[in-house]
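Protein chains: 2
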Amino acid sequence: MKTIAILATMDTKHIEVSYARNLIETLGHAVRVIDIGVSGKPAEGAGAIEIQAGEVLHAAGLSLETLTRMDKGARIETMASAAAIAVAECFKRKDFDAILSLGGIQNTIMAATAMRALPVGVPKLILSTMASGKRLFGPFVGAKDIVVMHSVADISGINRITRSVIANAVGAIVGMAMYGNRRIEASDALVIGATMLGVTSGGVSAATARLQDAGYETISFHATGVGGRAMEHFIADKVIGASLDLTLHEISSEVFGGYCAGANDRLLAAAAAGIPQVVAPGAVDILSCSTDFGVDSFPSNWRARKSIAHNASLYHVKLSAAEIAQVATVIAERLNQATGPLTVLIPKRGFCEAGAPGRPLHDAAIDAAFIDTLRRGLKRSIRWVEADLNISQPEFGELAAAELQAYLQAQPVALAMDSA
Amino acid sequence: MKTIAILATMDTKHIEVSYARNLIETLGHAVRVIDIGVSGKPAEGAGAIEIQAGEVLHAAGLSLETLTRMDKGARIETMASAAAIAVAECFKRKDFDAILSLGGIQNTIMAATAMRALPVGVPKLILSTMASGKRLFGPFVGAKDIVVMHSVADISGINRITRSVIANAVGAIVGMAMYGNRRIEASDALVIGATMLGVTSGGVSAATARLQDAGYETISFHATGVGGRAMEHFIADKVIGASLDLTLHEISSEVFGGYCAGANDRLLAAAAAGIPQVVAPGAVDILSCSTDFGVDSFPSNWRARKSIAHNASLYHVKLSAAEIAQVATVIAERLNQATGPLTVLIPKRGFCEAGAPGRPLHDAAIDAAFIDTLRRGLKRSIRWVEADLNISQPEFGELAAAELQAYLQAQPVALAMDSA
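If you read the protein sequences in the order shown, they are chains S and R.
With our numbering applied, the first sequence corresponds to residues 1 to 420, in that order.
With our numbering applied, the second sequence corresponds to residues 421 to 840, in that order.
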């Protein structure tokens, strides 16, 4: 028997929650309803509530009295933060195996905030009226594995659409609890984290292939503003023990915005953990800008810059020399905090595929501004290797892998093949 | 035993598909792999493929030879369209109970296109590297109940993250196949479809509550560019037999764009089906514009117009008299095609909550331009009722419900309470 937590606003969605509870219990599993309603009390006849809204708030040192004095926006924000704490506590107490939520915009915002506090692997599903159209995934899933299901119709009352989508949501969360639910934990076997984008993947894939051949487990993250954030989490959680951080595009995005902004403070988890790092400036020379978000999301003078259309909606726009130097300064400052073995590997023939000589984003002066600023900013004790290669060349990846292997062989680590 | 179809590019993702297949088969269920790889042949040692890429293309009258002569973009588009046909055919033959896909951008685009061809209720899950950050839900889910799961890490090779997310994806799809999987079908019981937005919900909720009290099953759709599309589908499929279309905001969005664009040809399914309709111009007087997509997605002179911030990122901007008259012309032209009973109900005190006298979006001249143009454009035989109410007033909803009930009582229909 599994226990499914249901996060719901029991002042408005008690009928739909009762329906879901009944389905889950009929399958032989237990339910714990966690009330995140913000009106101060559940609806009349709301049915069983295992954790009252007041208890959720209590986990954050708050009370219903405090909440009901706030305006609606503040109530939702407050309840969301409290739910994140309460849900994480419940999870640590092993109060549930999997967590489900259903509702509209308010429920979705609060449930997503709470679920993002849970580790990857714990089954989490949001059934939402909002999960469609021009809504963005980011606010729902963050850097986690939250499963999102579009409800098609408004989740209000039981009709043939809500019956169907709630039954599938229940089936999915029960199935995950029964057959999935694998935690991602630190182990004796070394795990190598790598960062990539399409424009660096030629090199990164060659590096991870070589490391896998040598018996290491590798995990690649897309440096889109999300993947780098996930990698930093897993380094902090000691799941990842070595960093092949060949795509620092998110640092340029952190400084100058664009489509891949969102992963801030990159490089700092590895620095703090003292793990071996091989770092290369993959795609630091470009900003990703999407026409989905209007040309006012592009650098104002972007038409005067080198740029290419990466796909139907995404442009890669070259940074200026002054901008890339600013990025180099940030990177140097962070790498100087590293406490473990570190190689900085410079692909002198371009930081992204289209940055190679003869390609549209090539600009030797801009790349040189990065290299010079970074080198001047870095401690002299940090190993510096320049390669006459483009970052997306397999040979560059081979070199990066060899650098990392040298560090790993110098310290005692278990290989992935030793573990289950 | 259930059968799970796996849609995957077997030239690149065969290792991950084998892993998923093994999990599903170990649980006692069957797998049918449908290859949507576009390189011309599966990887060496790709394992069992129940439906080859060539067979998928064949369903659309194409061949691998044709495909491999195309450039990459065209291959993906072609395979996506062919997969939609092939998957729908397999489903009709009852070849599978539920469908799963896993992969990166190409797989996701093709799988989403194919899955959108399946009815609501059929379990469908996409495990995707893309389902995060600034990606939009729309291209994944359309107006369907596709479940989307963020893979956190790149889906390439088996490591502790891909093992965890694939196990949960498998658990979810198997659970849905076993415990969900409820089709939404036409029945003898009448189902009423309603359209709503926050700014019209006061009236719409009162209407649906009254109709539910009278024993009817009602389903509400959010008129966000998705819900209206879903309602039109369900009318065409004869699931919905009466239309309470009180929120025509998507028609203004169809004509002038904005956040809620995407549901085109509204009102035409009901016209063609000849079902009873009560129609009101809910939120036709505003465009929804999101700062997420930049101010260049707003009408160019929007600062000179009446507008309000609906939430942190969404603005409601009043149309001009000329614009709203254009919307009225489109609506009149479509309503004139109605072949069933039809009432047009005009809330004279404003088409959205903030359009009421004394509220920020009130503009009597603009609203009058709509009313006059619509009335002049409509056939005289169409019933026209003006109410001295705002659309979001419960009394307006009561009136709308009474109009629809009058039509329903005049024709023999079964009530929801008669059915299971």
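Each residue gets a CB set at the ideal place from its N, CA and C atoms; glycine is no exception.
Beta-carbon neighbours of residue i, restricted to chain R and to distances below 8 angstroms
i: E217/S; result: N579 and R580
i: P478/S; result: Lying before the first or after the last residue shown, residue 478/S is absent from chain S, which here runs from 1 to 420.
i: Q212/S; result: G577
i: V120/S; result: V572, I581, S584 and V585
is_contact[residue i, chain S] using C-beta, thresh 8 angstroms
i: R555/R; result: yes
i: A840/R; result: With a pLDDT of only 36 at A840/R, under the threshold of 50, the placement of this residue in the model should not be trusted; the figure read from the coordinates follows. A840/R does not count as touching chain S.
i: Y599/R; result: yes
i: L447/R; result: yes
i: M837/R; result: Caution applies to M837/R, whose pLDDT of 45 falls short of 50 and renders its modelled position unreliable; the model cannot decide the point.
i: V611/R; result: yes
i: A650/R; result: yes
i: D491/R; result: no
i: P543/R; result: yes
i: G457/R; result: no
i: G797/R; result: no
Same chain, Cβ closer than 6 angstroms to residue i, neighbours up to 5 away in sequence not counted
i: K348/S; result: E386 and D388
i: P430/R; result: Reading off the sequence, residue 430/R comes out as Met, not Pro. Counting only Cβ-Cβ distances below 6 angstroms, and skipping sequence neighbours, we find D455, G457, P462, A466 and I469.
i: T759/R; result: G694
i: I690/R; result: The displayed chain sequence assigns Ala, not Ile, to residue 690/R. Taken in chain order, the residues that qualify are I655, S663 and Q697.
i: G524/R; result: T549
i: M431/S; result: Given that chain S is displayed from residue 1 to residue 420, the structure contains no residue 431/S and the question cannot be resolved.
i: K13/S; result: G103
i: A570/R; result: Ala is not the amino acid found at residue 570/R; the sequence shown has His there. Closer than 6 angstroms at the Cβ level, and outside the excluded window around H570/R, lie A551 and S552.
Neighbourhood of residue i by C-beta, 7 angstroms cutoff - its chain only, sequence neighbours within 5 removed
i: I24/S; result: I4, V31, V170 and V174
i: A366/R; result: Because chain R spans 421 through 840 in this model, residue 366/R falls outside it and cannot be assessed.
i: D292/S; result: S313
i: A230/S; result: A143 and F221
i: A532/R; result: I546, P559, F560 and I566
Spatially closest choice to residue i from the options, by CA coordinates
i: K799/R; options: V764/R, P559/R and S672/R; result: V764/R
i: I426/R; options: G481/R, K492/R, G460/R and D517/R; result: D517/R
i: V279/S; options: K134/S, G203/S and A131/S; result: G203/S
i: N311/S; options: V675/R, Q472/R, A480/R and G493/R; result: G493/R
i: I766/R; options: Q746/R, N588/R, D792/R and G661/R; result: D792/R
i: R686/R; options: D657/R, E652/R and E818/R; result: E652/R
i: V120/S; options: N588/R, V540/R, N527/R and S521/R; result: N588/R
i: L520/R; options: A172/S, G40/S, I99/S and R93/S; result: A172/S
i: A214/S; options: Y19/S, I15/S, E398/S and E254/S; result: E398/S
Cutoff 8 angstroms: residue i Cβ touching any chain R Cβ
i: H150/S; result: yes
i: G202/S; result: no
i: G241/S; result: no
i: R182/S; result: yes
i: G282/S; result: no
i: G355/S; result: no
i: T129/S; result: yes
i: I4/S; result: no
i: K13/S; result: no
i: I146/S; result: yes
i: A143/S; result: yes
i: G45/S; result: no
i: G397/S; result: no
The ligand NAD heavy atom lying under 7 angstroms from the CB of residue i
i: A627/R; result: This structure simply doesn't include the ligand NAD, nor any ligand for that matter.
Beta-carbon contacts of residue i that lie in its chain and below 8 angstroms, excluding the five residues immediately before and after
i: L631/R; result: I612, T638, L664, A821, L824 and Q825
i: V56/S; result: I34, D35, I36, M79, A82, A83 and A86
i: N756/R; result: G797, L798, K799 and I802
Beta-carbon neighbours of residue i, restricted to chain R and to distances below 9 angstroms
i: M196/S; result: D574
i: G225/S; result: S552, G553 and K554
Per-residue contacts from residue i into chain S (C-beta, under 7 angstroms)
i: D716/R; result: G294, V295 and D296
i: Y679/R; result: K134
Per-residue contacts from residue i into chain R (C-beta, under 7 angstroms)
i: S220/S; result: A573, D574 and S576
i: M176/S; result: N588, G591, A592 and G595
Under 9 angstroms by beta carbon: chain S residues contacting residue i
i: S710/R; result: K134
i: P719/R; result: Within chain S, no residue comes near P719/R; the closest Cβ sits about 13 angstroms away, beyond 9 angstroms.
Contacts that residue i makes with chain S (C-beta to C-beta distance below 8 angstroms)
i: G523/R; result: Result: empty, since nearest Cβ-Cβ is about 13 angstroms, beyond 8 angstroms.
Three-pair Cβ contact test at 8 angstroms for the region 366 to 383 of chain S versus the region 190 to 198 of chain S: no
Segment contact flag, the region 537 to 556 of chain R with the region 108 to 121 of chain S, C-beta cutoff 8 angstroms, min 3 pairs: With a cut-off of 8 angstroms, the region 108 to 121 of chain S and the region 537 to 556 of chain R do not count as touching, because too few Cβ pairs lie within range.
At least 3 beta-carbon pairs within less than 8 angstroms: the region 151 to 166 of chain S vs the region 568 to 580 of chain R: no
Contact the region 80 to 92 of chain S vs the region 734 to 742 of chain R: 3+ CB pairs below 8 angstroms: no
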